[in-house]
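Residue 155 in my numbering sits at position 126 of the sequence shown, and the numbers go up by one each step. For glycine and all other residues, C-beta sits at the position ideal for the given N, C-alpha and C. To start, the structure under review is shown below, and the notes come after it.
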Amino acid sequence: MQTLKDRIAHEGRNLGNGILKIDSLLNHQLDPQLMVGMGKEFARLFAGVHIDRILTAEISGIAPALMTAIELNVPVVYARKKQPITMRGTIYVESAPSHTKGGMVELLVSGEFLRPNERVLIIDDFLASGQTLMALARLLQAAQAELAGVGVVVEKTFEGGRHAMLQAGFNVPIHALAAITNMDNGQIILA
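In structure tokens:
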């Protein structure tokens with residue numbers, strides 16, 4: 030998605046240690062037209078895949094997941110990082126390391142929103158090491174739902190997350206709207 034790549038090249042900041050700051054368009058402030066474009070592009074990329082619902086992680090994955098859900102006319106569910114008092118009954122929980130939080134985070138989804146045999150598309154902001162996406166996929170396995178595919182706004186190919194997911198047996202279509210191949214020496218090299 031060229032518009033996204035242009036915005037990353039112009040507004041993105043390399044903070045070191047593989048951290049890409051794109052707060053002006055995704056992780057703090059949202060550009061509504063860019064989000065609409067992302068949703069349309071993900072819907073195009075997954076047009077041939079049957080999807081019953083979309084799963085993401087709070088918070089930065091919600092906007093692109095919602096825009097995609099609008100295009101595909103399916104519900105979107107987001108994994109919470111803290112359990113609210115309203116979340117009762119069966120709760121699926123997985124943990125994943127967070128680059129930006131500097132530690133492990135829990136991902137929780139109520140069983141009432143993940144159902145057995147449903148085909149679920151995961152949409153999230155980044156694919157780096159793949160740990161968060163694999164945790165979301167394990168939530169689906171626990172719910173006996175099927176992973177239909179993975180869409181990410183930005184993939185940092187140099188961190189090997191796609192390979193890790195395939196090695197872990199998550200052999201589904203994986204699409205990234207922008208790919209970064211290198212962030213050495215303060216650079217942001219887009220594919």
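What's the call for Asp213, buried or exposed, on a 16-neighbour Cβ count within 10 Å? Within the sequence shown, the letter at position 184 stands for residue 213. It counts as exposed.
Taking Glu40 as part of the alpha helix (DSSP H), name the residues at either end of that continuous run. Residue numbering aside, residue 40 sits at position 11 when the sequence shown is read from its first letter. Residues 31–40.
Ignoring anything shorter than 3 residues or poking outside the stretch 48–133, list the beta strand (DSSP E) runs there in chain order. Counting only runs of 3+ residues, the beta strand (DSSP E) found wholly inside the stretch 48–133 occupies 82–86, 105–108, 120–127, in chain order.
Do you know how far the Cα of Ala208 is from the Cα of Gly221? The structure shown does not extend to residue 221, since the chain spans only 30 to 220, so no value can be given for it.
4-residue-minimum alpha helix (DSSP H) runs that sit fully inside the stretch 139–182, ordered along the chain: Along the stretch 139–182, the alpha helix (DSSP H) occurs as fully enclosed runs of 4 or more residues at 160–171, listed in sequence order.
Environment of Val78 [buried if 16+ CB atoms lie within 10 Å]: On the sequence shown, residue 78 is found 49 positions in, with the first residue counted as 1. So Val78 ends up on the exposed side.
Just to confirm, is the Cβ distance from Arg109 to Leu137 under 8 Å? The residue given as residue 109 occupies position 80 in the sequence shown. The residue given as residue 137 occupies position 108 in the sequence shown. For Arg109 and Leu137, yes; Cβs fall inside 8 Å.
Cα-Cα separation between Phe75 and Ile114, rounded to whole angstroms: Mapped onto the sequence shown, residue 75 falls at position 46. Mapped onto the sequence shown, residue 114 falls at position 85. Roughly 35 Å separates the two Cα atoms.
According to DSSP, is Ala193 helix, strand or coil? Along the sequence shown, read from residue 1 onward, the residue named residue 193 stands at position 164. In the structure shown, Ala193 sits in a helix (DSSP, three-state: H, G or I).
Return helix, strand or coil for Asn200, following the three-state DSSP convention. Walking along the sequence shown from the start, residue 200 turns up at place 171. In the structure shown, Asn200 sits in coil (DSSP, three-state: anything other than H, G, I, E or B).
Could you tell me which residues DSSP puts in a beta bridge with Glu135? Within the sequence shown, the letter at position 106 stands for residue 135. DSSP lists Ser124 as partners of Glu135.
Please name the residue in Gly178, Arg36, Ser124, Glu147 whose C-alpha comes closest to that of Met133. Mapped onto the sequence shown, residue 133 falls at position 104. Minimum Cα distance to Met133 is reached at Ser124.
Residues in the same chain with beta-carbon distance under 7 Å from Thr210, minus the five sequence neighbours each way, listed in chain order, please. The residue labelled residue 210 in the question sits at position 181 within the sequence shown. Taken in chain order, the residues that qualify are Thr186, Phe187, Ile218, Ala220.
Contacts around Ala193, its chain only, beta-carbon distance under 6 Å, and the 5 residues preceding and following it disregarded: In the sequence shown, counting from the first residue as 1, residue 193 sits at position 164. These residues qualify, in order along the chain: Gly159.
For Ala197 and Leu162, I'd like the C-alpha separation in whole angstroms. Here residue 197 is taken as the residue at index 168 of the sequence shown, counted from 1. Here residue 162 is taken as the residue at index 133 of the sequence shown, counted from 1. Rounded to the nearest angstrom, the two C-alpha atoms are 11 Å apart.
If we count the other Cβ atoms within 10 Å of its Cβ and call it buried at 16 or more, is Ala205 buried or exposed? Within the sequence shown, numbered from 1, the residue matching residue 205 stands at position 176. Answer is buried; the Cβ neighbour count reaches 16.
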